[in-house]
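Student: For what it's worth, the working numbering labels the leading residue of the sequence shown as 4, then goes sequentially.
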Amino acid sequence: MKRKIVSFVMSFIIVSSLVAVSCSTDEDTGGKVTEEDTGQKVTVGADEEKKVVEEVEEKEPVTPSGGDWWNKFGEPQYGGTITSRIASSPPHFDPFLGMGPSSIWLETLGMRDWTVDRETWAHNVMYVPAEYSSGLIAESWEWPDLETVIFHIRKGVLWANNPNSEASPLLNGRELTAYDIEWSYNRYHGLGNFTGQGSPYRETPLKVVASVTATDKYTLIFKSAYPSYDMREILLENLPGTQIVAREVVEKWGDMNDWKHVASTGPFMFEDYVTDSFMNLTKNPNYWGYHEWYPENKLPYADKWELLIIPDVATSMAALRTGKVDLVEGLSWEQADNLARTNPEIVQSRLPADGTTLDLRCDMEPFTDLKVRKALQMSIDLETIANSFYGGYTDPVPMGFTGSPGFMTPYDEWPQELKDGYAYNPEGARALLADAGYPNGFNTNVVAQNTDDLDLLQVIKSYFSKINVDMEIKVMDPASFSSFVLAGKHDQMACNWNIGLMWPPAYTGLEYYSKHFRNLVHNNDSIYDGIFEKQLMSSDPVERKQLLIQANDRVLEQYWSVRVLPTVTLNVFQPWLKGYSGELTATQMYYAARFWIDQDIKEAMGR
Numbered sequence: 004m005k006r007k008i009v010s011f012v013m014s015f016i017i018v019s020s021l022v023a024v025s026c027s028t029d030e031d032t033g034g035k036v037t038e039e040d041t042g043q044k045v046t047v048g049a050d051e052e053k054k055v056v057e058e059v060e061e062k063e064p065v066t067p068s069g070g071d072w073w074n075k076f077g078e079p080q081y082g083g084t085i086t087s088r089i090a091s092s093p094p095h096f097d098p099f100l101g102m103g104p105s106s107i108w109l110e111t112l113g114m115r116d117w118t119v120d121r122e123t124w125a126h127n128v129m130y131v132p133a134e135y136s137s138g139l140i141a142e143s144w145e146w147p148d149l150e151t152v153i154f155h156i157r158k159g160v161l162w163a164n165n166p167n168s169e170a171s172p173l174l175n176g177r178e179l180t181a182y183d184i185e186w187s188y189n190r191y192h193g194l195g196n197f198t199g200q201g202s203p204y205r206e207t208p209l210k211v212v213a214s215v216t217a218t219d220k221y222t223l224i225f226k227s228a229y230p231s232y233d234m235r236e237i238l239l240e241n242l243p244g245t246q247i248v249a250r251e252v253v254e255k256w257g258d259m260n261d262w263k264h265v266a267s268t269g270p271f272m273f274e275d276y277v278t279d280s281f282m283n284l285t286k287n288p289n290y291w292g293y294h295e296w297y298p299e300n301k302l303p304y305a306d307k308w309e310l311l312i313i314p315d316v317a318t319s320m321a322a323l324r325t326g327k328v329d330l331v332e333g334l335s336w337e338q339a340d341n342l343a344r345t346n347p348e349i350v351q352s353r354l355p356a357d358g359t360t361l362d363l364r365c366d367m368e369p370f371t372d373l374k375v376r377k378a379l380q381m382s383i384d385l386e387t388i389a390n391s392f393y394g395g396y397t398d399p400v401p402m403g404f405t406g407s408p409g410f411m412t413p414y415d416e417w418p419q420e421l422k423d424g425y426a427y428n429p430e431g432a433r434a435l436l437a438d439a440g441y442p443n444g445f446n447t448n449v450v451a452q453n454t455d456d457l458d459l460l461q462v463i464k465s466y467f468s469k470i471n472v473d474m475e476i477k478v479m480d481p482a483s484f485s486s487f488v489l490a491g492k493h494d495q496m497a498c499n500w501n502i503g504l505m506w507p508p509a510y511t512g513l514e515y516y517s518k519h520f521r522n523l524v525h526n527n528d529s530i531y532d533g534i535f536e537k538q539l540m541s542s543d544p545v546e547r548k549q550l551l552i553q554a555n556d557r558v559l560e561q562y563w564s565v566r567v568l569p570t571v572t573l574n575v576f577q578p579w580l581k582g583y584s585g586e587l588t589a590t591q592m593y594y595a596a597r598f599w600i601d602q603d604i605k606e607a608m609g610r
């Protein structure tokens, strides 16, 4: 008890002082993805099996050698504490109960391939193509057809023996098996014995999963509800429904909504937690993992991972400036811009996100006419929005339903006519409206959620007014908005997020497919449907990418949505935090296991 009181007091002192300042690819690691040219089978991982992990004496970290891109970080160092800031206390500790930062304490089947050069794929958006994913709990996988993914589960993954957890004695450090994962998935998704009892917060992309079957301790078979190329990519991501929860915990307490009931297989274990103050984790000495860059280096590097709960942004900035915090995520460009002026030594990473679209009812006047739709797009000055509204932190280049490299035609390869359609030209827009029979413009409306960027909608309204289009903005709460637009009750425009960087391109592209329930544009375009259906059934990754490029081009050419730009947030971190390249969502346990503190840099900076 004394230790906990001291921990609470120290964290309280740190946060209080900040408020005052503010006022002033190897066998051991799961290997790489390989794909046959047909796309019919994918295998990831090692050829050799591992034995159950034993607690071993920590070796000196391997020194960087050769020409690998990660050598820029220098020699890994063991020890020390990584300190991150999170904005609020977790609403719960069980992903079944809703969205939350459960990736801090739970592991999944897959992870981002940590060996990929960030110049090739930056890992700065949620979507990760299969070729840039790697196994975590899953050592390898097969993809025999579009409705099946077979995962081979890593041997020797143990539930942590955590002296601070009431759950640990239930599991007694036993090995995790495919049966655990089957049970966890069935519980969350309402499958198997849990039919009709799944989580109400089930992520939409994961609804592709129809069944999960463990055929033995180390083999897991997923079946999809329909042919899906994307299911394996989704299953390898870190979403609430993919995180593995211990059966014994739920059977004893009903859920895992208590930090003392958390059971994990990860590199860090809960040590202490005080609501609205801090969350402390300590290294798991029996963790199975080794670093992909240096396969002899046992993970994690840090002894502790402390997450300070600091809601106030100014206090978080003070924490960075005084070296009390190593990493802060999710800053606005305004906050990051101010930090760059005052503390240029702090490293910044830009993270593009989905962008706003105004989805037009293409089955209703006046949006049945392509000239009208194109005129609205030409009235928007994307370059000024990028430089002023987003402070130059986002790219002014327009994009379709995806901005993922390899799934779209690069802007510099667009035909000039298409470039002209997305260039600011209010005079040309007025001429198109006149040709369409609206020389004096028209009145229209857009329905939006109160969580949308209403300031941006005011900017768009202002641009529309310059071509005599008067747009009324109708604001609803998210639940009302969803039921309203899915019932097709919007008669003009709906504010959406259909410039996709967060989800697989085929998922965002579904919203222009006439048979999809969330097609808000009501375009009923047989050409687009034909392209999209063909890619849905394709098992050839090369063919599929080409079809998605064609589908994306069709969306751009038809102007079914008025497209603005991707938003941007920033992660900022200290120069002594090594192993981190600014990837998305750094508060994931497998990320933190691969970070280390360069004590020499920290001491040289007087921290």
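Think of the CB as a built atom: it goes at the ideal place given N, C-alpha and C, for glycine as much as any other residue.
This structure is a prediction, so every number in the text was calculated from the model and none was measured.
#1: Are three or more beta carbon pairs between the stretch 215 to 234 and the stretch 86 to 104 nearer than 8 Å?
#2: Can you tell me which of the three DSSP states Lys-158 falls into?
#3: For Leu-323, name the three-state secondary structure that DSSP assigns.
#4: Do the stretch 559 to 574 and the stretch 427 to 434 touch if we need at least three Cβ pairs shorter than 8 Å?
#5: Measure the CB-CB distance between Glu-251 and Leu-334 and report whether it falls below 8 Å.
#6: Return helix, strand or coil for Gly-424, following the three-state DSSP convention.
#7: The beta strand (DSSP E) spanning Gln-200 covers which residue range?
#8: Between Val-56 and the rest of its own chain, which residues show a CB-CB distance below 8 Å, the 5 nearest in sequence each way excluded?
#9: Within 10 angstroms of its Cβ, does Glu-606 collect 16 or more other Cβ (buried), or is it exposed?
#10: Count the C-beta pairs between the stretch 308 to 323 and the stretch 269 to 287 that are closer than 8 Å, then say yes if the count reaches three, no if not.
#11: Between which two residues does the alpha helix (DSSP H) harbouring Phe-535 extend?
#12: Quick one: give me the first and last residue of the alpha helix (DSSP H) that Ser-465 is part of.
#13: Need the endpoints of the beta strand (DSSP E) that Glu-142 sits in, please.
#14: Check each candidate in Ser-465, Met-259, Gln-452 and Val-462 and name the one with the smallest Cα separation from Tyr-191.
#15: What's the gap between the Cα of Lys-44 and the Cα of Trp-146?
#16: DSSP on Thr-28, reduced to helix/strand/coil?
#17: Which value, in whole angstroms, describes the spacing of the CA atoms of Ser-168 and Asn-448?
#18: Which runs of the alpha helix (DSSP H) fall wholly inside the stretch 320 to 376 and span at least 4 residues, in chain order?
#19: Please report how far the alpha carbon of Arg-611 lies from the alpha carbon of Ala-554, in whole angstroms.
#20: Among residues of its own chain, excluding the 5 on either side of Trp-599, which ones have a beta-carbon nearer than 7 Å to its beta-carbon?
#21: Using a threshold of 8 Å, state whether the C-beta atoms of Ile-534 and Leu-550 are closer than that.
#22: Rounding to the nearest angstrom, what Cα-Cα distance links Gly-406 and Leu-363 in this structure?
#23: Which residue from Val-478, Val-331 and Lys-537 puts its Cα closest to that of Leu-457?
#24: How big is the Cα-Cα spacing for Asp-219 and Pro-481?
#25: Return the chain-ordered list of same chain residues with a C-beta closer than 6 Å to the C-beta of Glu-386, the five sequence neighbours on each side being excluded.
#26: Would you call the stretch 350 to 370 in contact with the stretch 492 to 503, where contact means no fewer than 3 C-beta pairs closer than 8 Å?
#27: Considering only the alpha carbon of each residue, which of Lys-307, Thr-180 and Arg-121 lies closest to Leu-587?
#28: What first and last residue would you give for the beta strand (DSSP E) that runs through Trp-307?
#29: Give the list of continuous alpha helix (DSSP H) stretches no shorter than 4 residues that lie fully inside the stretch 432 to 512.
#30: Taking C-beta to C-beta, are Asn-287 and Pro-270 nearer than 8 Å?
#31: Contact defined as beta carbons within less than 8 Å: I believe Ile-224 pairs with Ile-153. What is the distance between those atoms, to the nearest angstrom?
#32: Among residues of its own chain, excluding the 5 on either side of Ile-383, which ones have a beta-carbon nearer than 6 Å to its beta-carbon?
#33: Could you name the residues that DSSP lists as bridge partners for Met-272?
#34: Cβ of Leu-559 within 8 Å of Cβ of Val-472?
#35: Can you tell me the Cβ-Cβ gap for Asn-346 and Leu-330, rounded? I've got them flagged as a contact below 8 Å.
#36: Using three-state DSSP, classify Thr-570 as helix, strand or coil.
Tutor: With the given structure in hand:
#1: no
#2: coil
#3: helix
#4: no
#5: no
#6: helix
#7: Gln-200 -> no beta strand (DSSP E), and no H or E assigned at all.
#8: With a pLDDT of only 39 at Val-56, under the threshold of 50, the placement of this residue in the model should not be trusted; the figure read from the coordinates follows. Hits under 8 Å: Gly-159, Val-160, Leu-161, Asn-289, Tyr-290 and Trp-291.
#9: exposed
#10: yes
#11: 529 to 540
#12: 457 to 468
#13: 141 to 148
#14: Met-259
#15: Confidence is the limiting factor: at Lys-44 the pLDDT is only 39, short of 50, which leaves the residue's position unreliable, though a coordinate-based value still follows. C-alpha separation (whole angstroms): 4 Å.
#16: Only weak support exists for where Thr-28 lies, its pLDDT of 36 falling under 50; the value from the coordinates is given anyway. Thr-28 falls in the coil class under three-state DSSP.
#17: 54 Å
#18: 336 to 345
#19: No answer is possible for residue 611: it lies beyond the span of the chain, which begins at 4 and ends at 610.
#20: Pro-79, Gln-80, Tyr-304, Ala-305, Lys-581 and Gly-582
#21: yes
#22: 21 Å
#23: Val-478
#24: 43 Å
#25: Pro-399
#26: yes
#27: Arg-121
#28: For the sequence presented, residue 307 should be read as Lys rather than Trp. 307 to 312 is the span of the beta strand (DSSP E), which, as asked, contains Lys-307.
#29: 457 to 468, 481 to 489 and 508 to 512
#30: yes
#31: 5 Å
#32: Tyr-466
#33: Thr-285
#34: no
#35: Actually they do not touch by this definition, with Cβ atoms about 14 Å apart.
#36: strand
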